[in-house]
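Here the structure comes first, spelled out in structure tokens, and everything after it is commentary.
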Ligand SMILES: C[S@@+](CC[C@H](N)C(=O)[O-])C[C@H]1O[C@@H](n2cnc3c(N)ncnc32)[C@H](O)[C@@H]1O
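In my numbering, the protein residues as written are 1019 to 1227.
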């Protein structure tokens, strides 16, 4: 099975189980304040790989922003529509995004790009850049370690796939895509039984005016 199908099938099966374990107020979630601090009132924000909408789309919506959540797992979208009725949710694949150019004030993405084969990450960042208005922000959770193909045959009971670059490479990719990196930080994982050194690179980047 291709990696994308593995991830999509997996999240369709584990949507409820993942949500039960998803932390709602942990270090990674609290970093969202960095994006909230720079958004204009009523900003149009894309939550790319939104999952069940909790906590990220819900927090953005509760802060008065207009949220479009995007995911390719139907089970996640079904939960998201129930959990965050004030947002709009669409089914799309991050590797084949069809977004209007210069439409969004911000793109936010937690723990989704890391599920895509890493040779496709530059294309996703370029698509985010195109979808942002000049001066728009990207708030992204990216990999912090150099791992090409990582497969777990028992992630909440299903086969799952990850792929990412180390932090320095991710920052270089963002700059190559045209972003200015305004802030970045390694944030330790909070989910379940993560090893103590596991974590992700969180980045606030801006499309120049
Ligand atoms: C680990 S969950 C994170 C969900 C949510 N962002 C959160 O913070 O809890 C990853 C989500 O990304 C979605 N995803 C992974 N690869 C994707 C792709 N290529 N296109 C669209 N969604 C994708 C999955 O379906 C899943 O809902």
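A virtual CB, placed ideally from N, CA and C, is assigned to each residue, including glycine.
Shortest Cα-Cα distance from residue 1227 to any of 1204, 1215, 1202, 1196 involves 1196. Residue 1072 and residue 1032 have their C-alpha atoms roughly 15 Å apart. The shortest C-alpha to C-alpha distance from residue 1077 to any of 1090, 1093, 1126, 1130 is the one to 1126.
Boundaries for residue 1116: no beta strand (DSSP E) harbours it, and the DSSP string shows neither H nor E there. Shortest gap from the CB of residue 1106 to any heavy atom of ligand 1: 7 Å or more. In this structure, residue 1149 places its C-beta atom within 8 Å of the C-beta atom of residue 1121.
The DSSP assignment places 1150-1161, 1165-1173, 1176-1182, 1198-1206, 1217-1224 as complete runs of the beta strand (DSSP E) inside the region 1139-1226, in order along the chain (cut-off: 3 residues). Just so you know, the alpha carbons of residue 1177 and residue 1134 end up roughly 14 Å apart.
DSSP places residue 1028 within a helical segment (H, G or I) once states are collapsed to three. Within 7 Å of the C-beta of residue 1112 there is at least one heavy atom belonging to ligand 1. Relative to ligand 1, residue 1169 has its C-beta separated by 7 Å or more from all heavy atoms. Per DSSP, residue 1065 is not a residue of any alpha helix (DSSP H); the beta strand (DSSP E) it occupies stretches across 1062-1066. Look at residue 1133: its beta carbon is less than 7 Å from one of the heavy atoms in ligand 1. Annotated three-state conformation of residue 1022 is helix, per DSSP.
Annotation for residue 1185: 1162, 1219 place their beta carbon closer than 6 Å to its own, counting only its chain and skipping 5 residues before and after. Separation of residue 1222 and residue 1082 (C-alpha to C-alpha, rounded to the nearest whole angstrom) is 20 Å.
Under the 10 Å beta carbon count, residue 1023 is surrounded by fewer than 16 other beta carbons and is classified as exposed. Here residue 1146 is buried, its C-beta having at least 16 other C-beta atoms within 10 Å. Rounded to whole angstroms, the gap between the alpha carbons of residue 1118 and residue 1139 is 19 Å. With a beta-carbon spacing of about 15 Å, residue 1085 and residue 1109 fall beyond the 8 Å limit used to define contacts.
Taking residue 1060 as the centre and dropping the five residues before and after it, the same chain places the C-beta of 1082, 1083, 1084 closer than 7 Å to its C-beta, in chain order.
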